[in-house]
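Undergrad:
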Amino acid sequence: MMKSFRESAPIRNKLLTVFVSMTALVCVPALAALLRGDFLTAGVGAGAAVAAAFLGAWYREAIAHPYVSTVVRMEALAKGDLDSPIEFTTYTDCVGRMTKAMFVFRDTAKKQMVAQAEEQAAVVDLFGDALKALRSGDLTVRITADAPDAYKALKDAYNDAVAAIGDLIRSVAESTAEIRTGSSEIAQASEDLARRTECNAASLEETSAAISQMDGRLKATAGAATETVGRADQAIATVGGGRGVADEAVQAMGRVSESAKGIDSVIEGLDKIAFQTRVLAMNAAVEAGRAGEAGRGFAVVADLVSALAMRAEEEAKRARDQLTVTQTDIVTAVEAVGQVDAALQNISADVGEVHELLGRIASDNQAQASAITEINAAIASMDQSTQQNAAMVEQTSAAARNLLTEVSGLADQAGRFRCGGTAVRATVAASAPALAAPKLPARGKEGVYQSPVKPLPAAAISALTRPVDADWNEF
């Protein structure tokens with residue numbers, strides 16, 4: 001506990017502990033006098049304790065405040081606060097000595113910062129002039145002035161880098177001259193390719209004539225196909241009507257079946273009623289004969305018999321109505337079947353017309369086959385030359401476009417710099433033409449010639465720029 005009090009407790013808490021302990025020591029005699037009944041001594045002791053408490057609080061603040069404030073300012077100084085004022089510099093005790101030392105530390109830090117700023121400004125000026133020259137493209141400027149020791153390595157590295165860049169620019173200029181030579185050779189090959197393309201014009205004309213003939217045949221075929229589709233639509237519609245009629249026939253037959261079931265139930269009811277009527281009639285007759293005058297009661301039986309007889313008549317009428325409806329449905333079904341038959345006849349006629357149109361389409365297809373044969377013959381005559389031309393077109397156009405782009409870019413970039421006091425101007429010779437990919441005849445996607453030659457990789461294109469003796473002569 002004493003270690004914590006000595007090493008980590010704030011100074012205000014330490015002073016508070018000391019003054020409280022001293023006040024307690026003053027209070028002990030006063031308390032003892034009070035217990036003995038010596039009130040005067042106890043009162044004097046209490047007054048002394050109160051005075052000690054007030055004095056302790058004042059001394060605590062007078063001692064702790066300068067120390068705490070000085071420590072806080074010292075921490076701020078350590079963090080880089082050089083502008084806040086330093087208090088208690090007039091003190092001659094430990095606080096005054098610390099504040100005076102802080103004052104010296106602050107002034108020293110400010111002087112060091114000013115010196116560093118001046119040194120950095122000098123270095124910035126030194127490198128700024130060189131960088132401005134570098135930005136303008138002058139690679140001959142070097143930093144010759146003395147630099148601070150901390151920046152000498154940076155100065156040497158900068159001079160070495162500028163020298164390396166100058167060597168690189170000179171190498172680029174030499175490469176540009178070689179590329180210009182390759183461009184001239186590619187231009188000669190392109191002219192040879194153009195002459196070969198002209199030789200294929202005659203074959204292309206023959207092919208165009210055959211394509212025109214095939215186009216007319218294709219139009220005729222399309223018209224016939226359109227008409228065939230229309231007839232097929234009519235046939236489909238007719239078949240749909242026939243199916244509808246057939247459905248009606250089926251429904252009519254169903255109704256006939258249901259009517260037959262109704263007739264069966266009606267007939268069964270009539271049979272039961274007739275039987276009951278016969279029984280009641282027999283009973284009425286027997287009872288009436290036996291009873292005589294007393295047989296009046298059997299009049300009720302007679303009435304029932306009469307009612308049953310009327311009901312039997314109604315059931316018979318229903319049976320007749322059901323039979324009539326059934327007969328009507330049968331007639332309707334017969335008519336529907338007849339309509340279905342007529343619809344099927346129409347379908348047969350339409351199918352015949354469709355067959356006729358299909359014959360016309362077959363004839364047109366034969367004509368198309370003849371035209372395609374002619375086209376294939378013309379394409380066969382062009383095939384060998386087209387393969388050679390396609391290879392040259394792909395190689396020449398790719399190499400020419402890449403060469404022209406690179407030469408232009410290198411000339412523009414290299415011309416911005418001066419190496420060894422002379423301006424580097426890498427330009428493309430005026431005799432080197434701007435090459436473009438020749439336009440080949442437009443072709444369809446299917447059934448036509450496709451060049452087997454694939455685009456060259458970048459390595460092969462760059463190889464074309466080297467001087468050659470007889471590589472292009474064989475073309």
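Numbering-wise (full-length UniProt numbering), the sequence shown opens with residue 1 and increments by one.
C-beta atoms are modelled at their ideal positions from N, C-alpha and C, and glycine is treated no differently.
Please list, in chain order, all residues of the same chain as R231 whose beta carbon is under 8 Å from its beta carbon, the five residues on each side excluded.
TA: The sequence position of residue 231 within the sequence shown is 231, counting from 1. Closer than 8 Å at the Cβ level, and outside the excluded window around R231, lie D350, E353, V354 and L357.
Undergrad: Tell me whether the beta-carbon of I143 lies closer than 8 Å to the beta-carbon of T396.
TA: One-based indexing of the sequence shown puts residue 143 at position 143. One-based indexing of the sequence shown puts residue 396 at position 396. Result no, Cβ atoms of I143 and T396 do not sit closer than 8 Å.
Undergrad: Quick one: grab the DSSP three-state call for D129.
TA: In the sequence shown, residue 129 corresponds to position 129, counting from 1. Here D129 sits in helix by DSSP.
Undergrad: Looking only at DSSP bridge pairs, what is D138 linked to?
TA: The sequence position of residue 138 within the sequence shown is 138, counting from 1. Note: D138 sits in a beta bridge opposite R418.
Undergrad: Excluding the 5 residues flanking Q120 on each side, which residues of the same chain have their C-beta closer than 6 Å to its C-beta?
TA: Residue numbering aside, residue 120 sits at position 120 when the sequence shown is read from its first letter. The answer is none, since no qualifying residue turns up.
Undergrad: If distances are taken between C-alpha atoms only, which option among W58, Q388 and T99 comes closest to E75?
TA: As a working note, residue 75 is residue 75 in the sequence shown. Selected option, being the one with the closest Cα: T99.
Undergrad: Work out the CA separation of T207 and A173 for me, nearest whole Å.
TA: Within the sequence shown, residue 173 is the residue found at index 173, counting from 1. Within the sequence shown, residue 207 is the residue found at index 207, counting from 1. Approximately 50 Å, taken between the alpha carbons.
Undergrad: Under the assumption that V162 contacts L134 (Cβ atoms under 8 Å), give the Cβ distance between them as a whole number of angstroms.
TA: Position 162 of the sequence shown, counting from 1, holds the residue named residue 162. Position 134 of the sequence shown, counting from 1, holds the residue named residue 134. That belief holds up - the Cβ atoms of V162 and L134 are roughly 7 Å apart, short of 8 Å.
Undergrad: Between the Cα of D156 and those of R170, V141 and S370, spot the shortest distance and give me the residue it belongs to.
TA: As a position in the sequence shown, residue 156 is number 156, starting the count at 1. It is V141 whose Cα lies nearest to the Cα of D156.
Undergrad: Confirm, please, whether the CB-CB distance from A399 to T176 is below 8 Å.
TA: Here residue 176 is taken as the residue at index 176 of the sequence shown, counted from 1. Here residue 399 is taken as the residue at index 399 of the sequence shown, counted from 1. No.
Undergrad: Please report the straight-line C-alpha distance between D125 and P148, rounded to a whole angstrom.
TA: By one-based count along the sequence shown, residue 125 stands at place 125. By one-based count along the sequence shown, residue 148 stands at place 148. If you take the alpha carbons of D125 and P148, they lie about 13 Å apart.
Undergrad: Does DSSP put G182 in a helix, a strand or coil?
TA: For the purposes of this step, residue 182 is taken as residue 182 along the sequence shown, with counting starting at 1. Three-state DSSP puts G182 in a helix.
Undergrad: What does a CB cutoff of less than 8 Å around Y158 pick up in its chain, not counting 5 residues either side in sequence?
TA: Along the sequence shown, read from residue 1 onward, the residue named residue 158 stands at position 158. So the list reads F127, A130 and I143, once near-sequence residues are dropped.
Undergrad: Cα separation between Y67 and K79?
TA: Counted from its first residue, the sequence shown places residue 67 at position 67. Counted from its first residue, the sequence shown places residue 79 at position 79. Their backbone Cα atoms lie some 19 Å apart in a straight line.
Undergrad: What do you reckon, are the CB atoms on F248 and A367 nearer than 8 Å?
TA: Position 248 of the sequence shown, counted from the start, is the residue given in the question as residue 248. Position 367 of the sequence shown, counted from the start, is the residue given in the question as residue 367. Note that residue 248 corresponds to Glu in the displayed sequence, not to Phe. Contact flag unset, no.
Undergrad: Residue 478 to I379, Cα distance in whole Å?
TA: Only positions 1 to 475 of the chain appear in this structure, which leaves residue 478 out of reach.
Undergrad: Going by beta carbon distance, what residues of the same chain come within less than 6 Å of Y151, once the five residues before and after it are set aside?
TA: As a position in the sequence shown, residue 151 is number 151, starting the count at 1. Once the five neighbours on either side are set aside, the close Cβ partners of Y151 are V123.
Undergrad: If you check the beta carbons only, do D364 and T228 fall under 8 Å apart?
TA: Taking the first residue of the sequence shown as 1, we reach residue 364 at position 364. Taking the first residue of the sequence shown as 1, we reach residue 228 at position 228. Their beta carbons are not under 8 Å apart, which means D364 does not touch T228 by this criterion.
Undergrad: Could you give the distance in angstroms between the alpha-carbon of L35 and the alpha-carbon of G43?
TA: The count along the sequence shown starts at 1 and reaches residue 35 at position 35. The count along the sequence shown starts at 1 and reaches residue 43 at position 43. When rounded, the distance between both Cα atoms is 12 Å.
Undergrad: I'd like to check one pair, E374 with A210: are the Cβ atoms closer than 8 Å?
TA: As a first step, residue 210 must be located in the sequence shown, where it is residue number 210. As a first step, residue 374 must be located in the sequence shown, where it is residue number 374. Yes, these two residues count as a Cβ contact at 8 Å.
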